[in-house]
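A.B. asks:
Protein chains: 2
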Amino acid sequence: MSTIGIFGLGLIGGCLGLDLRSRGYQVLGVSRRQDTCDRAVSLGAVDRASVDPSLLAPAEMIFLCTPIEAIAPAVKQLLPFLDPKTILTDVGSVKQAVVDAVVPLWSNFVPAHPMAGKAENGLQASQKDLFVDRPYVITPVASTPAASIAKVEAIARSLRSWVYQCSPANHDRAVAWISHLPVMVSASLLAACSSESDSQVLDLAYKLASSGFYDTSRVGGGYPELGVMMAKYNQHQVLQALYAYRDRLNNCIESIEQANWSGLEATFEETRQIRDRFFPPENRY
Amino acid sequence: MSTIGIFGLGLIGGCLGLDLRSRGYQVLGVSRRQDTCDRAVSLGAVDRASVDPSLLAPAEMIFLCTPIEAIAPAVKQLLPFLDPKTILTDVGSVKQAVVDAVVPLWSNFVPAHPMAGKAENGLQASQKDLFVDRPYVITPVASTPAASIAKVEAIARSLRSWVYQCSPANHDRAVAWISHLPVMVSASLLAACSSESDSQVLDLAYKLASSGFYDTSRVGGGYPELGVMMAKYNQHQVLQALYAYRDRLNNCIESIEQANWSGLEATFEETRQIRDRFFPPENRY
């Protein structure tokens, strides 16, 4: 394989391009906007770029790096130029919705999710080695060609990512817990604080807030489109996670209402142990 | 003023001792345990230490650095040895409950909360300069002598803390939002994740969890006693904050149930702005 296409030149597309070019591939890019194409070339993220999807015709593998809702339309735009051997793969952060939309259009499709990002978005934030030591989750379905999975996996390993394989549904359920639920939980914390009606108390809260509040509120203060995307395309799993969360929150409220301090302490003892399972103390960064 | 007492030689007592000795005060310490007294002397946190509270008789100001529930008992132990001019001040992280318990015992009491801490607890984690650039909140009541407030404030400034003054109730309400609510919110997130019944999904969640989950779950995985202390001694304000939080969480759930994506986006747009008020982008650490 020598030529790789990237459809969508944002942060992830740009980072993939930089890494793949540095590994000797010819990288071709497509964006909706000519100025993005020009910047991608001048940043060295792609060898050539165009607003015309036919540019990707020679690519043996094409990374779909658009927002979730634009992935299936991108595939439709590409269909006239694809060879049956062309492998399509995506980088979307939910998988079942993408699989449902894309597999009927192109069976040689390897759904995947490289789990890397930055606080800043967009092509201009691109950098090399974004995927190093990050999970790269491949979520094939029964009809996904094994040889194509192997090729995407080889690329992911060349980026020095940790490759995992699971079903689209299991991916979506796992990320609902560890990525999507925290956004809803954290955003609700910020929204709750702003309900404080005493401006003196609110001003004091602004002054006293420090690392604990900073960390707990971080993902709830991010890009609004990102939170909506999670809820919209992973609606069922996010709701299941939120219902479980609400139950646990109500347990906590009940313990405090009833002054059940031993029960509350047992809960905190449990949550400390759960966090140790997520982040073993010796590995904490 | 030349002699300062510290009752309770844990992390905060130890840090205060190190800083105050370096500023030329003679520092006397009291702990329940002789071996803690010995370690405090050898660490240089105090000049002399004893399990006998009469050691603090010569101190012009005494810092009460025990856990919340032990503050009033400490004052009772000290009463036989106090001169009416002796200033008592505390470092408790809730204020109304402390004020209610201590003011009737000793009117020359300056309730305060230096807002500093570390991941590790205990005397052995003591260090210099823990209070530099941290808030030091003084919460006097009408009967608190102005001259005593001024002396505690001068000490706090000498530690290079940011000094704030407010009522005990306003302190407790502000910290409910920015310190206590985040612990309950974050612990409930950990508890919710552990309710996942599919062990494959849970294993995947462990592997995929990264900075977003790390940050949002951090304060919920801390010392169980700390979370219980917040809920127990700030019960009313913590419950008010939790009720407001539950309302906002339910709004979020409702938007997702109803696929009201524009409403959800408006919420996230609001929470992004709220976070910018807490942590202006140019100041973020």
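Top to bottom, those sequences are chains L and E. Take the position in the first sequence, starting the count at 1, then add 12; the result is the number in the numbering used here. Take the position in the second sequence, starting the count at 1, then add 12; the result is the number in the numbering used here. Note that beta-carbon positions come from the ideal geometry of N, C-alpha and C, so glycine has one too. Nothing here was measured: the structure is a model prediction, and the numbers come from that model.
At which residues does the alpha helix (DSSP H) containing L:Ser207 begin and terminate?
C.D. replies: Premise fails: L:Ser207 is in no alpha helix (DSSP H) and is neither H nor E.
A.B. asks: Quick check: L:Asn120 and L:Thr98, are their CB atoms within less than 8 Å of each other?
C.D. replies: yes
A.B. asks: Taking 8 Å as the cut-off, decide whether the C-beta atoms of L:Leu117 and L:Leu193 are in contact.
C.D. replies: Not in contact: L:Leu117 and L:Leu193 (Cβ atoms no closer than 8 Å).
A.B. asks: Could you confirm whether any beta carbon from chain E is found closer than 8 Å to the beta carbon of L:Asn182?
C.D. replies: yes
A.B. asks: Quick one, are the C-beta atoms of E:Leu67 and E:Val42 less than 8 Å apart?
C.D. replies: yes
A.B. asks: For L:Arg51, does the three-state DSSP call read helix, strand or coil?
C.D. replies: helix
A.B. asks: So what's L:Trp118 in DSSP terms, helix, strand or just coil?
C.D. replies: Under the three-state reduction of DSSP, L:Trp118 is assigned to coil, being neither helix nor strand.
A.B. asks: Taking the alpha-carbon positions, what's the L:Tyr235 to E:Phe280 distance?
C.D. replies: 8 Å
A.B. asks: Just verifying my parser: in three-state terms, what is the DSSP assignment at L:Ser66?
C.D. replies: Helix, per DSSP.
A.B. asks: Once DSSP output is grouped into helix, strand and coil, what is the label at L:Arg287?
C.D. replies: helix
A.B. asks: Is any beta-carbon of chain E found at less than 8 Å from that of L:Ile268?
C.D. replies: yes
A.B. asks: Under the assumption that L:Leu40 contacts L:Gly17 (Cβ atoms under 8 Å), give the Cβ distance between them as a whole number of angstroms.
C.D. replies: 5 Å
A.B. asks: With hydrogens ignored, establish whether the beta-carbon of L:Ser66 is closer than 7 Å to any heavy atom of the ligand FAD.
C.D. replies: This structure simply doesn't include the ligand FAD, nor any ligand for that matter.
A.B. asks: Under the three-state reduction of DSSP, which class applies to E:Tyr176: helix, strand or coil?
C.D. replies: strand
A.B. asks: Return the CA-CA distance between E:Gln108 and E:Gln139, expressed in angstroms with no decimal places.
C.D. replies: 29 Å
A.B. asks: For a quick check, are the C-beta atoms of L:Ile80 and L:Gly56 less than 8 Å apart?
C.D. replies: Not in contact: L:Ile80 and L:Gly56 (Cβ atoms no closer than 8 Å).
A.B. asks: What residue range is occupied by the uninterrupted alpha helix (DSSP H) comprising E:Gln270?
C.D. replies: Premise fails: E:Gln270 is in no alpha helix (DSSP H) and is neither H nor E.
A.B. asks: Just the C-alpha distance for L:Pro96 and L:Leu90, rounded to the nearest angstrom, thanks.
C.D. replies: 12 Å
A.B. asks: Give the DSSP-derived three-state secondary structure of L:Ala156 in the structure shown.
C.D. replies: First, the amino acid is wrong: residue 156 of chain L is Thr here, not Ala. Three-state result, L:Thr156: coil.
A.B. asks: What does the alpha-carbon distance come out to for the pair L:Glu294 and L:Ile286?
C.D. replies: Rounded to the nearest angstrom, the two C-alpha atoms are 15 Å apart.
A.B. asks: Residues in the same chain with beta-carbon distance under 8 Å from E:Arg45, minus the five sequence neighbours each way, listed in chain order, please.
C.D. replies: Val63
A.B. asks: Grab me the residues of E:Ser229's own chain with a C-beta within less than 7 Å of its C-beta, minus the 5 sequence neighbours each way, in chain order.
C.D. replies: Ser198, Leu201, Leu202
A.B. asks: Considering only residues of the same chain and omitting the five flanking positions on each side of L:Tyr37, which have a CB-CB separation below 6 Å?
C.D. replies: Ile16
A.B. asks: Using a Cβ-Cβ cutoff of less than 7 Å, which residues in the same chain neighbour E:Asp288 once the five nearest sequence positions on both sides are dropped?
C.D. replies: none
A.B. asks: What does the alpha-carbon distance come out to for the pair E:Glu132 and L:Arg35?
C.D. replies: 44 Å
A.B. asks: Which bits of chain L does E:Gln108 rub up against, with CB to CB less than 7 Å?
C.D. replies: The premise fails here: E:Gln108 is roughly 13 Å from chain L at the closest Cβ pair, so nothing lies under 7 Å.
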